[in-house]
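Heads up: the structure comes next, in structure tokens.
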């Protein structure tokens with residue numbers, strides 16, 4: 005418990021410093037940000053483009069193999085220093101937390117990579133580690149260097165130089181990049197595979213990292229399926245982003261919920277029935293609150 009108190013004290017101090025440097029379009033484990041904001045950001049990226057040929061209808065869906073378990077401690081401490089944490093005492097404490105290890109069945113296991121499982125600092129440290137990746141992609145188009153007074157002028161300058169539109173959104177270790185051409189999506193996939201391997205010491209899954217045409221299929225992101233479909237009652241056939249619930253994942257939850265409802269017949273005591281009904285209602289509310297931002 006004392007370790008967790010110390011972790012929380014450090015988090016309270018370093019989180020505002022990190023928040024000032026974090027990428028604007030990353031949403032996982034950050035205050036006042038939720039999955040619905042990440043999904044809305046993806047939909048907005050599709051809707052904000054007026055010309056049909058510039059619509060970002062190709063999605064690169066990324067999946068990192070065991071992201072939190074393979075974070076390099078040395079690189080993480082370097083990124084913390086780069087963000088402005090120059091108190092070496094704090095960095096030493098964080099280093100000791102990372103290398104503390106764990107005990108399973110009275111056997112001590114030493115760890116040399118990865119963040120502490122269940123640790124209060126772990127979500128914040130993972131965002132610090134992946135923040136450079138966010139800016140690496142974002143500065144190519146979505147969040148360019150502010151060389152002009154207004155962001156729109158800077159994006160216009162990039163378009164004049166021939167830059168293809170790229171919009172990246174990340175939630176924890178799930179990320180998606182939207183672009184307007186398939187060739188650019190393939191180039192990004194090859195480039196980012198090398199970037200993760202050599203710059204972050206992480207590995208992308210070849211099977212789960214895929215390119216999706218949003219006009220034909222939907223991109224799976226945070227339990228939703230985002231598609232680019234024609235606007236309702238539109239004569240010009242302009243495309244807009246539409247988030248739908250992922251019915252494959254949702255059907256599994258609904259089947260489990262039906263099993264819980266069937267157990268009511270087996271319960272004989274009234275207090276057990278009341279408790280089960282309260283639990284079922286809470287599950288229904290949780291599912292509906294999660295998917296209510298989608299088109300359903």
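Numbering (our numbering), first residue to last: 5 to 300. Glycine included, C-beta positions come from ideal geometry on N, C-alpha and C. Keep in mind the model is a prediction, meaning the values are calculated, not measured.
- When DSSP states are grouped into helix, strand and coil, residue 276 belongs to the helix group.
- Per DSSP, residue 131 is not a residue of any beta strand (DSSP E); the alpha helix (DSSP H) it occupies stretches across 126–142.
- Of the candidates 222, 95, 262 and 24, the residue whose Cα lies closest to the Cα of residue 247 is 222.
- A residue is called buried once 16 or more other Cβ atoms fall within 10 Å of its Cβ, and residue 35, having fewer, is exposed.
- Here residue 75 carries a coil assignment [DSSP, helix/strand/coil].
- Residue nearest to residue 140 within the set 269, 10, 88 and 171 is 171 (criterion: CA-CA distance).
- Residue 121 and residue 74 have their alpha carbons spaced roughly 12 Å apart.
- A Cβ-Cβ distance of about 6 Å is found for the pair residue 58 and residue 169, placing them in contact under the 8 Å criterion.
- Straight-line spacing of the CA atoms in residue 273 and residue 261 works out to 21 Å.
- Counting only residues of its own chain and dropping the five nearest sequence neighbours on each side, residue 8 has a CB closer than 7 Å to the CB of 124.
- Per the coordinates, the alpha-carbon of residue 119 lies some 14 Å from the alpha-carbon of residue 84.
- When secondary structure is reduced to three states using DSSP, residue 66 falls in the strand class.
- Between the C-alpha atoms of residue 161 and residue 145 there is a straight-line separation of about 10 Å.
- A straight line joining the alpha-carbon of residue 234 with that of residue 244 spans about 6 Å.
- Between residue 137 and residue 66, the alpha-carbon positions lie close to 12 Å from each other.
- Three or more beta-carbon pairs separated by less than 8 Å are not found between the region 184–193 and the region 106–119, which leaves the two stretches without contact.
- No Cβ-Cβ contact shorter than 9 Å links residue 38 with residue 29.
- Looking at the DSSP output, residue 146 shares a beta bridge with no other residue.
- Rounded to whole angstroms, the Cβ separation of residue 77 and residue 92 is 15 Å, and the two are not in contact under 8 Å.
- Closest by C-alpha distance to residue 242, out of 17, 21 and 56, is 56.
- According to the DSSP secondary-structure assignment, residue 113 is paired through a beta bridge with 106.
- A distance below 7 Å between beta-carbons, with the five flanking residues on each side excluded, links residue 293 to no residue of its chain.
- Straight-line spacing of the CA atoms in residue 128 and residue 27 works out to 13 Å.
- Around the beta carbon of residue 249, 16 or more other beta carbons lie within 10 angstroms, which makes this residue buried.
- Proximity to residue 219 across 230, 225 and 209 peaks at 230, based on C-alpha coordinates.
- Around the beta carbon of residue 256, a 10 Å sphere encloses fewer than 16 other beta carbons of the protein chains shown; the residue is thus reported as exposed.
- Within the region 237–273, the alpha helix (DSSP H) runs of at least 4 residues that lie entirely inside it are, in chain order, 251–266.
- Cβ atoms of residue 176 and residue 32 come within 8 Å of each other, at about 3 Å.
- Linking residue 94 to residue 265 through their CA atoms gives a straight-line distance of about 50 Å.
- Counting other Cβ atoms within 10 Å of its Cβ, residue 104 stays below 16 and is therefore classed as exposed.
- Counting only unbroken stretches of 4 or more residues, the alpha helix (DSSP H) elements lying wholly within the region 151–238 are 155–164 and 186–202, in sequence order.
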